[in-house]
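A.B. asks: Everything in the sequence shown is counted per the UniProt record's numbering, starting at 1 for the first residue and increasing by one.
Idealized CB from N, CA, C, for every residue including glycine.
Computed from a prediction, not measured in an experiment: that's the story for all the values here.
Submitted below is the structure of interest, expressed as structure tokens.
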Amino acid sequence: MDPTQANAEAGPSRLPYDAATALLRQQQPASSTASPAPQAPPPPPSLPVVDPSGQQQPASNPPPAAVPAGGSVRGPTIVPSILGEDGVKTVPPTFELCEVEDLITLIASMLDRLMSHNDRIPLTPTGLTRFHSRAPPSINVRDYLLRIARYTNVEPCCLLILLPYVDKVCAKMTTFTISSLTVHRFIIAGVSVGSKALSDSFCTNGRYARVGGVSITEMNLLEKEFCEAIDWRLTTTGTVLAHYYTSLVTAHPLYRLAAPPPTQP
């Protein structure tokens with residue numbers, strides 16, 4: 001058994017588009033004509049690998065190309081947000097229909113507020129965890145989440161569950177806070193764990209490590225400590241995620257929820 005799923009292979013919905021197309025064609029009768037598969041997007045640029053002491057190591061080789069963010073072909077149809085004359089965006093009433101970029105903006109805004117508050121709290125040696133870096137990474141939270149979404153094709157629920165994870169970890173580790181020193185490692189560990197718990201296909205730990213800017217050894221250790229910090233309670237309910245989504249939209253001054261569709265008689 002591989003408890004970290006380091007050697008797990010992504011399912012067809014996570015393969016590059018041309019590879020997934022080839023796989024489907026092998027399962028279907030041969031056709032007389034075949035259109036060429038579209039080119040996969042280029043691989044992501046590598047982030048510098050930062051070891052636990054905070055010192056940067058040479059960047060690892062970029063991971064192979066991935067499908068752009070947007071969910072599986074079997075997923076729900078995304079509803080575009082509508083920008084009003086007052087500059088406020090109207091987003092769908094459910095997070096499953098929300099555009100990934102808008103969902104990331106909402107999540108990043110909440111994490112930024114937590115960081116702004118918690119960065120003022122003095123850090124003591126007893127409060128150090130594996131999630132702490134010696135110095136804040138140069139990439140901001142929103143760009144980091146966008147990078148992860150683009151190059152791992154993470155599902156919306158696996159992004160939104162980061163917020164319940166924050167509450168679970170803080171309840172278990174009372175001295176832990178989301179700060180500029182902890183947020184990036186927390187995010188990549190949470191996305192890895194959440195994807196394996198909620199999605200039927202996910203990336204290898206090697207890919208999460210390269211996209212997240214940590215070594216594979218560090219990625220495995222982060223994942224293990226993350227699972228222990230949440231008492232291995234990896235999942236939550238759709239109702240809880242919907243509550244967090246509604247709270248995010250309500251708290252953001254530039255977003256509002258669309259009215260829910262009328263119920264069918």
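Run through DSSP, which three-state label would ILE82 get?
C.D. replies: strand
A.B. asks: In angstroms, rounded to a whole number, what distance separates the CA positions of VAL141 and HIS184?
C.D. replies: 7 Å
A.B. asks: Are three or more beta carbon pairs between the segment 235 to 246 and the segment 174 to 193 nearer than 8 Å?
C.D. replies: no
A.B. asks: Would you mind sorting ALA171 into buried or exposed? The rule is 16 or more other CB atoms within 10 Å of its CB.
C.D. replies: exposed
A.B. asks: Along the beta strand (DSSP E) that carries THR90, what are the first and last residues, could you check?
C.D. replies: 89 to 91
A.B. asks: Looking at the structure shown, is GLN57 part of a helix, part of a strand, or coil, going by DSSP?
C.D. replies: For GLN57, the predicted structure reports a pLDDT of 47, less than 50, and the residue's modelled location is therefore unreliable. A value from the coordinates is still provided. If DSSP states are grouped into helix, strand and coil, GLN57 belongs with the strands.
A.B. asks: Looking at the secondary structure, which residues open and close the beta strand (DSSP E) in which LEU106 lies?
C.D. replies: Looking at the DSSP string, LEU106 is not in any beta strand (DSSP E); the run it does join, the alpha helix (DSSP H), is 100 to 118.
A.B. asks: Kindly list the residues whose CB is nearer than 6 Å to the CB of LEU83, restricted to its own chain and excluding five residues on each side of it in sequence; keep chain order.
C.D. replies: LYS89
A.B. asks: Tell me the residue span of the beta strand (DSSP E) that contains LEU257.
C.D. replies: Where LEU257 is concerned, the enclosing beta strand (DSSP E) stretches over 255 to 257.
A.B. asks: Would you give the residue range spanned by the alpha helix (DSSP H) that PHE226 belongs to?
C.D. replies: 216 to 229
A.B. asks: If you follow the alpha helix (DSSP H) that PRO138 is in, where does it begin and where does it stop?
C.D. replies: One point to set straight first is that residue 138 is Ser, not Pro, in the sequence displayed. Unbroken run through SER138: none, as it is neither H nor E.
A.B. asks: For the alpha helix (DSSP H) that contains ASN153, what are its first and last residues?
C.D. replies: Segment: none, ASN153 is in no alpha helix (DSSP H) and carries neither H nor E.
A.B. asks: Would you say the segment 187 to 200 touches the segment 129 to 146, given that touching needs at least three Cβ pairs under 8 Å?
C.D. replies: yes
A.B. asks: Please list the segments of the alpha helix (DSSP H) lying wholly inside the segment 170 to 223, counting only runs of 4 or more residues, in order along the chain.
C.D. replies: 183 to 198 and 205 to 212
A.B. asks: Determine whether the beta carbon atoms of TYR255 and VAL91 lie at a separation below 8 Å.
C.D. replies: Their beta carbons are under 8 Å apart, which means TYR255 touches VAL91 by this criterion.
A.B. asks: By Cβ distance below 6 Å, which residues in the same chain neighbour VAL235 in space, the five residues on each side in sequence not counted?
C.D. replies: It should be pointed out that residue 235 corresponds to Thr in this sequence rather than to Val. Counting only Cβ-Cβ distances below 6 Å, and skipping sequence neighbours, we find ALA197.
A.B. asks: Looking at the structure shown, is HIS243 part of a helix, part of a strand, or coil, going by DSSP?
C.D. replies: helix
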